[in-house]
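To convert, count from 1 in the sequence shown and add 44; that's the numbering used here.
Virtual Cβ for every residue (Gly too), placed ideally from N, Cα, C.
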Amino acid sequence: MPVYNEREFLLQILGRVQQAHAAGLPKRLIIVDDCSDDGSGEIISSLQGKAAVEGFDGGFGALIIAIRHQSNQGKGAALRSGFAVSTGDIVLIQDADLEYDPADYDAMLEPILAGRCKVVYGSRFLQGRPTRVYLWLANKILTMAANFLLGTRLTDMETCYKVFTRDVLAEIQLHSSGFDIEPEITAKIARKGHDIVEVPISYQGRRAWQGKKIRWSDGIKALKTLIRLRLSS
45 MPVYNEREFL LQILGRVQQA HAAGLPKRLI IVDDCSDDGS GEIISSLQGK
95 AAVEGFDGGF GALIIAIRHQ SNQGKGAALR SGFAVSTGDI VLIQDADLEY
145 DPADYDAMLE PILAGRCKVV YGSRFLQGRP TRVYLWLANK ILTMAANFLL
195 GTRLTDMETC YKVFTRDVLA EIQLHSSGFD IEPEITAKIA RKGHDIVEVP
245 ISYQGRRAWQ GKKIRWSDGI KALKTLIRLR LSS
């Protein structure tokens, strides 16, 4: 879970992760604080080594691992830090806001546990268009570009909810530090020949004034990343 200035929502999303069934599997939570300055870091530090977040039912089945960056480096850098210390057989990315619902873990894990694939994306658009038009259009353009350049058949390349088996993650080397980590992950997984299965998920988008951090410029960087990785393959 990459975190940057999410104090308002942090304990709520941690509680939801803790309560998520996740196909009955034990969960190890790795939280990477990307040098927050709103108090998120203090909350995260207080959880280091604990097996649960107080005030919520259930536990994680393993100790919480808390990592802090000494400077703000971006979502991609936070994910890479988390991946580097993860040891689970299955790795799932969870944002630290309330846009994505951990109640969808069961649906995303099912194709992997059934042996049908090794990579699952949770798509926000398989059940309609749960976001504002301009964000939907930006995602549509990027996803179409990914499908054209990579030969994939995705509906939501930019989704936070990406799930992989350990061996898939070990096959790829990631370098992006910002939001361009999303197309980099997709491009490198596709290059290895893995099928990406999508399942529908729920989504409650927020606006910039509510803390949403991705900007139109990140979409340009994502497109450039897709093209660069396609040309280098």
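- By the beta-carbon neighbour count (other beta carbons within 10 angstroms, threshold 16), Val177 is exposed.
- Look at Phe192 here: in three-state DSSP terms it is helix.
- Rounded to the nearest whole angstrom, the C-alpha separation of Ile75 and Met45 is 5 angstroms.
- The bridge partners DSSP lists for Ala110 are Ile75.
- A buried status is given to Met201, since no fewer than 16 other beta-carbon atoms sit within 10 Å of its beta-carbon.
- Scanning Arg51, Ile264 and Pro244 for the CA closest to the CA of Met152 turns up Pro244.
- In the same chain as Gly132, and ignoring 5 residues on each side of it, the C-beta atoms closer than 8 angstroms to its own belong to Arg72 and Arg210, in chain order.
- For Ser221, the secondary structure class from DSSP, reduced to helix, strand or coil, is coil.
- Inter-residue distance for Leu179 and Leu186 is about 11 angstroms (C-alpha atoms, whole angstroms).
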